[in-house]
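Just so you know, we're using my numbering here: the sequence shown kicks off at 13 and counts up by one.
Glycine is no exception: its CB is placed at the ideal position from the N, C-alpha and C atoms.
Take a look at the structure below.
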Amino acid sequence: MRGTISTDQRVYHYESPFLKQGENGLSLNQLRAQFIKKFLNNPRAKYVTENYALEKEQRRLNIWRKDGKILSEDELLRIDTVVPQIFEII
């Protein structure tokens, strides 16, 4: 796993030097849009209507379910695959 999970298994954390340096050129809204589309494998998915939240602190992304439920193993594996891809394509 490239990222880490919180002890309560509700938040996935991913750190990237690209976030701190701003080299990826994505605004937070663009980052959220790319994440939800790739995560759900749906080019029409909208961040505001889906059940996942993404926030950025310095060079760290935090992703969690808006309903507060624990992230499943499947969700964690998909997140861990999708998030690095966002930075590899740029």
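> What's the gap between the Cα of S18 and the Cα of Q97?
Replying inline: Along the sequence shown, read from residue 1 onward, the residue named residue 18 stands at position 6. Along the sequence shown, read from residue 1 onward, the residue named residue 97 stands at position 85. Our two residues, S18 and Q97, have alpha carbons roughly 22 Å apart in a direct line.
> Going by beta carbon distance, what residues of the same chain come within less than 7 Å of R44, once the five residues before and after it are set aside?
Replying inline: If you number the sequence shown from 1, residue 44 lands on position 32. Only Y59 and L66 meet the Cβ criterion.
> Buried or exposed: where does L83 fall if 16 or more other Cβ atoms within 10 Å of its Cβ makes it buried?
Replying inline: Position 71 of the sequence shown, counted from the first residue, corresponds to residue 83. The residue is buried, with at least 16 neighbouring Cβ atoms inside 10 Å.
>> Determine whether the beta carbon atoms of V95 and G37 lie at a separation below 8 Å.
In response: Locating residue 95 in the sequence shown gives position 83, where the first residue counts as 1. Locating residue 37 in the sequence shown gives position 25, where the first residue counts as 1. No. Outside cutoff.
>> Quick check: the Cα distance between K50 and D86, rounded to an integer number of angstroms?
In response: For this step, residue 50 is matched to residue 38 along the sequence shown. For this step, residue 86 is matched to residue 74 along the sequence shown. For the pair K50 and D86, the Cα-to-Cα distance works out to about 15 Å.
> Which residue spans inside the segment 60-91 form an unbroken beta strand (DSSP E) run of at least 3?
Replying inline: Here the runs fully enclosed are 64-69 and 72-77.
>> If I follow the unbroken alpha helix (DSSP H) through Q46, where does it start and stop?
In response: Residue numbering aside, residue 46 sits at position 34 when the sequence shown is read from its first letter. Segment L40 to L52, the alpha helix (DSSP H) holding Q46.
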